[in-house]
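Taking the working numbering, I'd label the letters of the sequence shown as residues -17 to 526.
Remarks on the structure that follows.
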Amino acid sequence: MQDKASDKTAVTLSGRMLSPGLGSGKAFLYRDILGRSDEFYDIEETDVIDEIARFTKAVNKVSDDLKVLADSISNEMDDSLSDVFYAHITMVQDNSLTSEVEKEIKEELVSAGTAVKTVFRRWERRFQRMEMEIAKHKADDVHDLARRLIGSLAGVRFHALESLPEDSVLIARRLLPSDTIFLARRNAAAALLEYGGAGSHAALFAREIGLPCITGVANVLEAVTEGAFTLVNADAAEAIVDPDQRQQQVFKAQYEQLQQDYQKARKCALKPALTGAGQHIKVYANVVCAEETQQAVDNGADGIGLYRIEQAYLGRQTPPDAATLMQEVHTTLEPAKHLPVYVRLLDVGADKPLPFMESLRETNPALGLRGIRFLHAYPDLLQTQLDVLLQLNAEFDLHILVPMVTLPEDMQSVRKLLAQQVSATQLSLPKIGTMVETPAAALSLPELSRHADFLSFGTNDLTQYTFAADRENADVEQYFNDAHEVIFRLLDIAHKDLPDAQFSVCGELAGRAENVSRLIKCGVTTLSVAPPLIPAVKQAVRES
Ligand code: PEP
Ligand code: MG
-17 MQDKASDKTA
-7 VTLSGRMLSP
3 GLGSGKAFLY
13 RDILGRSDEF
23 YDIEETDVID
33 EIARFTKAVN
43 KVSDDLKVLA
53 DSISNEMDDS
63 LSDVFYAHIT
73 MVQDNSLTSE
83 VEKEIKEELV
93 SAGTAVKTVF
103 RRWERRFQRM
113 EMEIAKHKAD
123 DVHDLARRLI
133 GSLAGVRFHA
143 LESLPEDSVL
153 IARRLLPSDT
163 IFLARRNAAA
173 ALLEYGGAGS
183 HAALFAREIG
193 LPCITGVANV
203 LEAVTEGAFT
213 LVNADAAEAI
223 VDPDQRQQQV
233 FKAQYEQLQQ
243 DYQKARKCAL
253 KPALTGAGQH
263 IKVYANVVCA
273 EETQQAVDNG
283 ADGIGLYRIE
293 QAYLGRQTPP
303 DAATLMQEVH
313 TTLEPAKHLP
323 VYVRLLDVGA
333 DKPLPFMESL
343 RETNPALGLR
353 GIRFLHAYPD
363 LLQTQLDVLL
373 QLNAEFDLHI
383 LVPMVTLPED
393 MQSVRKLLAQ
403 QVSATQLSLP
413 KIGTMVETPA
423 AALSLPELSR
433 HADFLSFGTN
443 DLTQYTFAAD
453 RENADVEQYF
463 NDAHEVIFRL
473 LDIAHKDLPD
483 AQFSVCGELA
493 GRAENVSRLI
503 KCGVTTLSVA
513 PPLIPAVKQA
523 VRES
């Protein structure tokens, strides 16, 4: 907290909460090198060969840097994160991309930097247009690589966030995969972004590391000056730049209150969460790696409600074989060996593309081969997972979640496969449940539940499909409201249809304290949330 009130006029900025909490510090403006490099100029025909050589050198340099980065992340952090950067190496060396840049230099007589900017932008747009939701992450990857190449051409040796001072408030248009790695290594106090929806890379990441974050702040880089003291109240989706003395005092009091509430919640987090009426509501965690599972256990998770197994597939050149998958899943679940664990079958397609399945071309991927539909189209992928999960069922209290179920047949087919394997191996059958993520599933639970041992509402996709609003698309964010009355109406209908069923919610809706009592009234008995949110959600249960 600043000691002295600023003599500048305070500016209040508002947006939408992406990740809860309060934080304050000096603003660190993170400008994209693509918007400000002096690497953009025209060249003479005689310079073409030199310019192409500079480009080739930059590609090699970026590949080397990425390799060092990926190796160090793999040692220090998580293999699934490093795989993103190994995939970037393949992409930056892709022949069609590099030859298009060389052609641009030669034919348009522009510098390597200009050619990279133009060609990579073209590819970014192509991904955005052609593949819609699927391309969102790919487009981000291309953008990220263009930035690296131009940085390398300009002789910029380090990622700008390498110099992010501790306890800064990060101000950025948006966050890309490489940014999140650097953020994970520093302790930013908070972040203000212009773009980034509730289901975006940035959102999941911010919640996972507990970084208070507001998105949708218009012209944020113009609104804040470098070094300006900034208060961020993500819970109120509001930030104050150059606050006056009174605003700082109010913020300080709010911050202290929040710390007290958190300490109180943390103290009780290891105890079960009972409502005022004495009903036990289980608070589980959504995880992708062992570190998160450990954090979930430390924060008092009653189980792992959603293990997103996609992480074991992303960034690989080929799908993992049974032994590799077994090792990955085992390592992730190990810290929760004493608890119930719910592993979701691979949920790819649309916003979760697989690098080795590029050939899948669909006009409307979000409505195409997603989740279980994809697995039915690639039965070997499904079979490997079922083999692995059946083995692990002997060691863990394991449950299998089937993603993107629409029809009873989606469940029946998985059950049949499991039953066949069990009878061939003498292994015991794990419990198998439905992810309720489409309006069709929510409205046909009596039929679906005949084939499911449990039901878990994935409200992120349920909202996307109910409101026909792409969860990754900032342009339709006003339509994506997972706490809308319509979503609760679907839950109410489900509760009326199956009054004795115990529902779980594992979408982001479950992690926001203000929804907890409403969800419980709809028959929800399990909430599965990002690990840092568990104490607050348990507290909200107690207060409901
Ligand atoms: C959901 O859709 O709500 C969900 C939990 O799954 P994911 O966010 O991984 O699609
Ligand atoms: Mg989903």
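The C-beta atom is built at its ideal place from N, Cα and C for all residues, glycine as well.
Assuming T197 and L515 form a contact by the criterion Cβ under 8 Å, report the distance between their Cβ atoms to the nearest whole angstrom. Taking the sequence shown and counting its residues from 1, the one referred to as residue 197 is at position 215. Taking the sequence shown and counting its residues from 1, the one referred to as residue 515 is at position 533. The Cβ separation is near 17 Å, so there is no contact.
Roughly how far, in whole angstroms, is the beta-carbon of S322 from the beta-carbon of D379, given that I think they are within contact range, below 8 Å? Here the question's residue 322 lines up with position 340 in the sequence shown. Here the question's residue 379 lines up with position 397 in the sequence shown. Ser is not the amino acid found at residue 322; the sequence shown has Pro there. That belief holds up - the Cβ atoms of P322 and D379 are roughly 5 Å apart, short of 8 Å.
Can you list, in chain order, the residues of its chain whose CB lies under 6 Å from that of E113, leaving out five sequence neighbours each side? Working through the sequence shown from its first residue, we reach residue 113 at position 131. A caution first: E113 carries a pLDDT of 47, below 50, which makes its placement in the model unreliable, though a value can still be read off. Hits under 6 Å: none found.
If you measure from the beta carbon of A450 to each beta carbon in chain B, is any gap under 8 Å? Within the model displayed, chain B is absent; a lone protein chain is all it includes.
Would you decide whether V92 is buried or exposed? Buried here means 16 or more other CB atoms lie within 10 Å of its CB. By one-based count along the sequence shown, residue 92 stands at place 110. The residue is buried, with at least 16 neighbouring Cβ atoms inside 10 Å.
Report back the beta-carbon spacing between I414 and D443 to the nearest angstrom; my notes put them in contact at under 8 Å. As a working mapping, residue 414 is identified with position 432 in the sequence shown. As a working mapping, residue 443 is identified with position 461 in the sequence shown. Contact doesn't hold; Cβ gap of about 19 Å is too wide.
Cβ-based burial, H262 [other Cβ within 10 Å; buried from 16]: The residue given as residue 262 occupies position 280 in the sequence shown. With fewer than 16 other CB atoms across the displayed protein chains lying within 10 angstroms of its CB, H262 is exposed.
As an exercise, report each continuous alpha helix (DSSP H) stretch of at least 4 residues that is fully enclosed by the stretch 390 to 453, in chain order. Every alpha helix (DSSP H) stretch that sits fully inside the stretch 390 to 453 and reaches 4 residues is listed by chain position as 390 to 407, 421 to 424, 427 to 430, 441 to 449.
What's the C-alpha gap between H312 and L374? Here residue 312 refers to the residue found at position 330 when the sequence shown is read from its first residue. Here residue 374 refers to the residue found at position 392 when the sequence shown is read from its first residue. Put simply, the backbone Cα of H312 is about 8 Å away from that of L374.
Would you kindly check if the distance between the Cβ of Q293 and the Cβ of C271 is under 8 Å? For the purposes of this step, residue 271 is taken as the residue at position 289 of the sequence shown. For the purposes of this step, residue 293 is taken as the residue at position 311 of the sequence shown. For C271 and Q293, yes; Cβs fall inside 8 Å.
Rounded to whole angstroms, what is the Cα-Cα separation between V206 and G3? Stepping through the sequence shown from its first residue, residue 206 is reached at position 224. Stepping through the sequence shown from its first residue, residue 3 is reached at position 21. So the alpha carbons of these two residues sit roughly 20 Å apart.
Selection from T508, M308, G95 that minimises the alpha carbon distance to I34: To locate residue 34, count along the sequence shown from 1; it is residue 52. Of the candidates T508, M308, G95, the one whose C-alpha sits nearest the C-alpha of I34 is G95.
Would N281 be called buried (16 or more neighbouring beta carbons within 10 Å of its own) or exposed? The residue you call residue 281 lines up with position 299 of the sequence shown. Counting Cβ neighbours within 10 Å, N281 comes out buried, since at least 16 surround it.
Kindly give me the distance between the Cβ atoms of L127 and F102, rounded to whole angstroms, as I take these residues to be in contact under 8 Å. Within the sequence shown, numbered from 1, the residue matching residue 127 stands at position 145. Within the sequence shown, numbered from 1, the residue matching residue 102 stands at position 120. Confirmed, Cβ separation roughly 7 Å.
Using 10 angstroms around the beta-carbon of S410, count the other beta-carbons present and answer buried if the total reaches 16, otherwise exposed. Within the sequence shown, the letter at position 428 stands for residue 410. S410 is exposed by the Cβ-count criterion.
Report the three-state DSSP secondary structure of P361 (helix, strand or coil). Against the sequence shown, residue 361 aligns to sequence position 379. It is helical.
Got a sec: does the ligand PEP put a non-hydrogen atom nearer than 7 Å to the Cβ of L174? For the purposes of this step, residue 174 is identified with residue 192 of the sequence shown, where counting begins at 1. Incorrect: L174 has no Cβ contact closer than 7 Å to the ligand PEP.
Helix, strand or coil for Y324 per DSSP? What you label residue 324 is simply residue 342 of the sequence shown in a count that begins at 1. Of the three classes helix, strand and coil, the one that applies to Y324 here is strand, per DSSP.
Would you report the Cα separation of A259 and V330, rounded to the nearest angstrom? Mapped onto the sequence shown, residue 259 falls at position 277. Mapped onto the sequence shown, residue 330 falls at position 348. Cα to Cα, A259 sits roughly 40 Å from V330.
According to DSSP, residues forming a beta bridge with R352: Taking the first residue of the sequence shown as position 1, residue 352 is located at position 370. For R352, which the question treats as bridged, DSSP gives no partner whatsoever.
Taking contact to mean 3 or more Cβ pairs, one atom from each stretch, closer than 8 Å, check whether the stretch 230 to 245 and the stretch 487 to 501 are in contact. Here the stretch 230 to 245 makes no contact with the stretch 487 to 501; the two share fewer than three CB pairs at distances below 8 Å.
Verify the contact flag: D452, CB atom, against every heavy atom of the ligand PEP, threshold strictly below 7 Å. Within the sequence shown, residue 452 is the residue found at index 470, counting from 1. Not so, every heavy atom of the ligand PEP lies at least 7 Å from the Cβ.
Can the beta-carbon of V418 be found closer than 8 Å to that of F439? Within the sequence shown, the letter at position 436 stands for residue 418. Within the sequence shown, the letter at position 457 stands for residue 439. Contact: yes.
When the Cα atoms are used, what is the spatial distance from S510 to K520? Within the sequence shown, the letter at position 528 stands for residue 510. Within the sequence shown, the letter at position 538 stands for residue 520. S510 and K520: Cα-Cα distance of roughly 11 Å.
Would you mind giving the Cβ-Cβ distance between L256 and F233, rounded to the nearest angstrom? I have them listed as a contact below 8 Å. Here the question's residue 256 lines up with position 274 in the sequence shown. Here the question's residue 233 lines up with position 251 in the sequence shown. Contact doesn't hold; Cβ gap of about 33 Å is too wide.
Ordered list of beta strand (DSSP E) runs contained in the stretch 234 to 306, each at least 3 residues: 262 to 269, 286 to 290
Which of the three DSSP states, helix, strand or coil, is assigned to V506? For the purposes of this step, residue 506 is taken as residue 524 along the sequence shown, with counting starting at 1. V506 falls in the strand class under three-state DSSP.
Would you check whether the ligand PEP has a heavy atom nearer than 7 Å to the C-beta of D443? Along the sequence shown, read from residue 1 onward, the residue named residue 443 stands at position 461. D443 Cβ: within cutoff of the ligand PEP.
In whole angstroms, what separates the C-alpha of V199 from that of A492? Mapped onto the sequence shown, residue 199 falls at position 217. Mapped onto the sequence shown, residue 492 falls at position 510. Computed Cα separation, rounded: 25 Å.
Any non-hydrogen atom of the ligand PEP within 7 Å of D329 CB: Within the sequence shown, the letter at position 347 stands for residue 329. At least one heavy atom of the ligand PEP sits closer than 7 Å to the Cβ of D329.
Keeping to the same chain, check which residues put their C-beta closer than 7 Å to that of K(-10); ignore five residues upstream and five downstream. In the sequence shown, counting from the first residue as 1, residue -10 sits at position 8. Excluding residues within five positions, the ones whose Cβ falls inside 7 Å are D224.
Here's the rule I'm using: 16 or more other beta-carbon atoms within 10 Å means buried, otherwise exposed. How should K99 be labelled? Here residue 99 refers to the residue found at position 117 of the sequence shown. Per the 10 Å Cβ criterion, buried.
DSSP on S81, reduced to helix/strand/coil? Within the sequence shown, residue 81 is the residue found at index 99, counting from 1. Helix at S81.
So which of Q227, A219, V279, E274 has the shortest CA-CA distance to R248? The residue labelled residue 248 in the question sits at position 266 within the sequence shown. Checking every option, the nearest Cα to that of R248 belongs to V279.
Could you pull out every residue in the same chain whose Cβ sits closer than 7 Å to the Cβ of N497, ignoring the five residues on either side in sequence? Taking the first residue of the sequence shown as position 1, residue 497 is located at position 515. Closer than 7 Å at the Cβ level, and outside the excluded window around N497, lie A465, L491.
On the criterion of 16 or more Cβ atoms from any shown chain inside 10 Å, does P147 qualify as buried, or is it exposed? Taking the sequence shown and counting its residues from 1, the one referred to as residue 147 is at position 165. Its Cβ having fewer than 16 others within 10 Å, P147 is exposed.
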